[in-house]
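Structure, as structure tokens:
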Amino acid sequence: MSQRRKKRSRKSNKEAPHAIDQNYGEEEKIRLNKYIAHCGFCSRRKADDYIAAGKVEVNDEVVTQMGVKVQRTDKVVVEGQQLSLEKFVYILLNKPKDTITTTDDPRNRDTVMDKIEDATGKRVYPVGRLDRHTMGLLLLTNDGDLANRLMHPSYEVRKTYEVETERKLGKDELQQLAEGIELEDGPARAHNLVSTPNGFMLSIFEGRNRLVRRMVEYFGTEVTKLKRVDYAGLTLENVSMGRWRYLRKNEINALRKLVKLQPLDFNQ
Numbered sequence: 001m002s003q004r005r006k007k008r009s010r011k012s013n014k015e016a017p018h019a020i021d022q023n024y025g026e027e028e029k030i031r032l033n034k035y036i037a038h039c040g041f042c043s044r045r046k047a048d049d050y051i052a053a054g055k056v057e058v059n060d061e062v063v064t065q066m067g068v069k070v071q072r073t074d075k076v077v078v079e080g081q082q083l084s085l086e087k088f089v090y091i092l093l094n095k096p097k098d099t100i101t102t103t104d105d106p107r108n109r110d111t112v113m114d115k116i117e118d119a120t121g122k123r124v125y126p127v128g129r130l131d132r133h134t135m136g137l138l139l140l141t142n143d144g145d146l147a148n149r150l151m152h153p154s155y156e157v158r159k160t161y162e163v164e165t166e167r168k169l170g171k172d173e174l175q176q177l178a179e180g181i182e183l184e185d186g187p188a189r190a191h192n193l194v195s196t197p198n199g200f201m202l203s204i205f206e207g208r209n210r211l212v213r214r215m216v217e218y219f220g221t222e223v224t225k226l227k228r229v230d231y232a233g234l235t236l237e238n239v240s241m242g243r244w245r246y247l248r249k250n251e252i253n254a255l256r257k258l259v260k261l262q263p264l265d266f267n268q
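Read the sequence shown against full-length UniProt numbering and you will find it ends at 268, with the numbers running on by one and no gaps.
Here is the structure:
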């Protein structure tokens, strides 16, 4: 293990000051796979696999049936590890160039987790991906329901980018972008397209791989700078490159409302 990884692990018991309790009453019934996921152990789908394999105990009894419900006061053990509901943490990072959007990297390159290693001991994960050379706004959280919905194409979450290209696109080409072009995996269109002194800004509402870069490549040139400056209404205001901040309470519930999740009660 590298010194950088060791440093992160030493921070693992630190309680984030902005950690938010999950809104489950002591007697509220929660599906077992959802409970396991909200404890930060794994995804709901993976939790179903653990249940089916007989690796989950509830109050010292093995449970293999799907659909079983538990309360937060129940004792839930997966593969010998007793779980408890993790508090939610929401982080906005201004990702630098040459940083990998992953929780770890076997080649020991800089990852987004290295940028927030002093933030929290919770197991947070990036919401979607920015490729290595793309900079800008990236969310990280352990709120799996919110993350999954933000990434799901049906919710059409807006993402806005600043773009610079090797050859500056002409007015006719920008007009084509605004009207829509045909890529190998289907049509693509730039929304809210605005020219800037060094390039242009555009918004997209889908998460196809390298979409903005491929839209530029359609015109026979390449992106030289790509920075996400807005995600679901959040911006990089007062967050310098390589720095991060916790989301505010109103921002968290605005995101949850956007993807039709119940707001969190911060007064509990």
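Beta carbons: idealized from backbone N, C-alpha and C, even for Gly.
Three or more beta-carbon pairs under 8 Å between the region 217–231 and the region 160–171, yes or no? yes
Taking its Cβ as the centre, do 16 or more other Cβ atoms sit within 10 Å of Leu139, making it buried, or is it exposed? buried
Contacting residues, own chain, Cβ-Cβ under 8 Å from His133 (five flanking each side not counted): Lys97, Asp98, Leu226
Could you give the residue range of the alpha helix (DSSP H) that holds Asp145? 144–151
Inter-residue Cα distance where the pair is Leu169 and Pro106: 38 Å
Ile181 - DSSP class collapsed to helix/strand/coil: In the structure shown, Ile181 falls within a strand segment according to DSSP collapsed to helix, strand and coil.
Rounded separation between Lys46 and Lys34 - CA only: For the pair Lys46 and Lys34, the Cα-to-Cα distance works out to about 11 Å.
To the nearest angstrom, how far is it from the Cα of Leu264 to the Cα of Leu146? 12 Å
Please go through the same chain and pick out, in chain order, the residues whose beta-carbon is closer than 6 Å to the beta-carbon of Leu137, but skip the five residues on each side of it. Excluding sequence neighbours, Leu137 sits near Arg228, Tyr231, Leu236.
May I have the straight-line CA-CA distance separating Cys39 from Arg245, to the nearest angstrom? 23 Å
Beta-carbon gap between Asn94 and Val239 smaller than 8 Å: Yes. Within cutoff.
Report buried or exposed for Glu80, applying the criterion of at least 16 other Cβ atoms within 10 angstroms of its Cβ. First, the residue type needs correcting, since residue 80 is Gly and not Glu in the sequence shown. By the 10 Å Cβ count, Gly80 comes out exposed.
For the 8 Å Cβ check, are there 3 or more pairs between the region 243–261 and the region 190–198? no
Less than 8 Å separating the beta-carbons of Leu174 and Phe200? Against a cut-off of 8 Å, the Cβ pair of Phe200 and Leu174 comes out as a contact.
Where does Asn267 fall in DSSP's three states? coil
Can you tell me whether DSSP reads His38 as helix, strand or coil? helix
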